[in-house]
Amino acid sequence: MSMDINRLKTVLVDAIENVQRTEYVHRNVQIETNMPYIFVGVRRCGKSFLLYQRMFELVSTGHKWDEFLYINFEDERLIGFNSSDFNSLLEAHYSLNQKPPILFLEEIQKIDGWEKFARRMADEKRIVYITGSNAKMLSQEMASTLGGRYLVKLVYTYSFEEFLRANQMNPDNKHLFSTSGKGQIIKLLEDYFYYGGFPELTHITLKRSYLNSIYDKIYLGDIIVRYGVTNHKALEVLMKKLAETVRHPISFSRLTNIVKSVGISVGTSTVIQYLQYAEESQLIFSVENYASTLVQRTTTPKYYFVDNGLLNLFLINSEAALLENLVAIALIKKYGRDQAVYYYEKNIEVDFYIPSASLAIQVCFSLKDPITYDREVNALYKLSNHLHCDKLMIITYDEEGLIREKGFELELVPIWRWLLD
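Mapping of the sequence shown onto this note's numbering: position 151 corresponds to residue 291, and the numbering continues sequentially without gaps.
Structure representation (structure tokens):
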């Protein structure tokens, strides 16, 4: 039985009115004109706000609000909606406005068979913006189904610059170099460092409770329910142990043994599968060892969480892990995930190496201890004897300077300044 047209009209009109009332922080995301897009990211990372931003941009160029067909498939009024109702959705729009719609479709992966509708809209040269929380939307199978008609954009939680602007602070040069401005930035950094960049968190007092609710939705809805996970305890322990190993390479067999050590029966193949589910739900991402062979690179990665707030739910006295996690997030935002950002471990250990930028980075909360100083600095010097490095850098929490030794120049940068660079 098809969805009632009048109900769909009500949903469409209510949705657009809600967008018009919404305030959002402008994000520096480049969108190609007249191209259909799929925006993918972890739950609550700001995909909705990005759609709202795009609507306001189109209105500023002369489009009218009633040209937009905007719908969120998490709306409870759409329970029972299936792939055969997509055409009813178009009929509902045309009964309100005769112009062909510009489509904004949120959490579309909830509707089985959505791919065929999306492909038909692209074939008809419609402009479509789709959001989803499931990285299966990026799979080869999905790319084949959509026939390469959509551009895919990964969406992350706020960058530090966006976080500052959401807190009514414009991080221009005046703030970066003035005493008062630097003080304001460092004060806000503490919030961002421990609680991350989820957009709605800016105006929420009980931040940890909010983060727990997001994690529960990812853990229960996006992983356990979606993939039919039955060994809940194994998954729970795996996520906790994964958080505790941030900063350190870890093999699949080692993770399996850690889970088994608490009395849970689980196989390596299941652990690998659960890790894949967590990555597909955009909860975690991995960085491979540049020094390994191509075959070995995928077997002992370093894992990071997609937002510091989610990682911090698992940790106590976690400053070193949070600092490195924050750097990892910023690097994949800038350079991408696919064979762009690595760590290096072969006789020496360097936290990050970016081949395309000839950049090597160590992450260290503080270099005040002489033993720590020698270890971190010497690792970068040794790496530059093995690989071409145009720039060597150590990112700290609040220390900065320039180190010149052994014919090398090494930049010491506080995390707040590096994030805003």
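C-beta atoms are modelled at their ideal positions from N, C-alpha and C, and glycine is treated no differently.
- Counted as a single uninterrupted DSSP element, the stretch harbouring Gly253 is not any beta strand (DSSP E), since DSSP gives it neither H nor E.
- If you check the CB distance, Val377 and Ile390 do not come in under 9 Å.
- DSSP places Pro510 inside the alpha helix (DSSP H), whose first and last residues are Pro510 to His526.
- Residue burial annotation: Val435 is exposed, with fewer than 16 other C-beta atoms found within 10 angstroms of its C-beta.
- Contact between Tyr332 and Leu453 fails: their C-beta atoms lie close to 16 Å from each other, not under 8 Å.
- By alpha-carbon distance to Val180, the top candidate from Lys322, Leu294 and Tyr537 is Leu294.
- Only buried fits Ile472, as 16 or more other CB atoms lie within 10 angstroms of its CB.
- The secondary-structure analysis by DSSP pairs Arg544 across a beta bridge with Glu549.
- Distance between Ser432 and Tyr334, taken at the CA atoms: about 33 Å.
- Rounded to whole angstroms, Gly336 and Leu329 show a C-alpha spacing of 10 Å.
- Taking C-beta atoms as the reference points, Leu463 and Thr512 fail to come closer than 9 Å.
- By alpha-carbon distance to Gln249, the top candidate from Arg366, Phe425, Tyr475 and Gln170 is Arg366.
- Here Arg289 has Pro176, Arg259 and Ala262 as same chain residues with Cβ atoms under 7 Å from its own Cβ, once five neighbours each way along the sequence are excluded.
- In terms of Cα proximity to Val386, the closest of Leu243, Ser401 and Val446 is Val446.
- The Cβ-Cβ distance between Ile171 and Val292 does not fall below 9 Å.
- Within the DSSP bridge table, the entry for Leu291 names Tyr177 as partners.
- One alpha carbon belongs to Tyr482, the other to Gln324, and they sit about 33 Å apart.
- Straight-line measurement puts the Cα of Tyr443 at about 38 Å from the Cα of Gly220.
- Assignment of beta-bridge partners to Leu329 by DSSP yields no partner.
- For Leu423, no beta strand (DSSP E) encloses it, and the DSSP letter there is neither H nor E.
- Annotation for Gly272: the continuous beta strand (DSSP E) segment containing it runs Val268 to Gly272.
- The Cβ neighbour count for Gln422, taken over all protein chains shown within 10 Å, is at least 16; the residue is labelled buried.
- From the listed residues Phe257, Thr396 and Ala306, the smallest Cα separation to Thr285 is found for Phe257.
- Rounded to the nearest angstrom, the gap between the Cα atoms of Ile404 and Lys373 is 7 Å.
- Annotation: the continuous alpha helix (DSSP H) that includes Val377 extends over His372 to Glu384.
- For Thr410, the three-state secondary structure derived from DSSP is helix.
- A direct Cα-Cα distance of roughly 12 Å separates Tyr296 from Ser188.
- Contact check between the stretch 199 to 219 and the stretch 147 to 155: three or more CB pairs, one atom from each, fall below 8 Å, which counts as touching.
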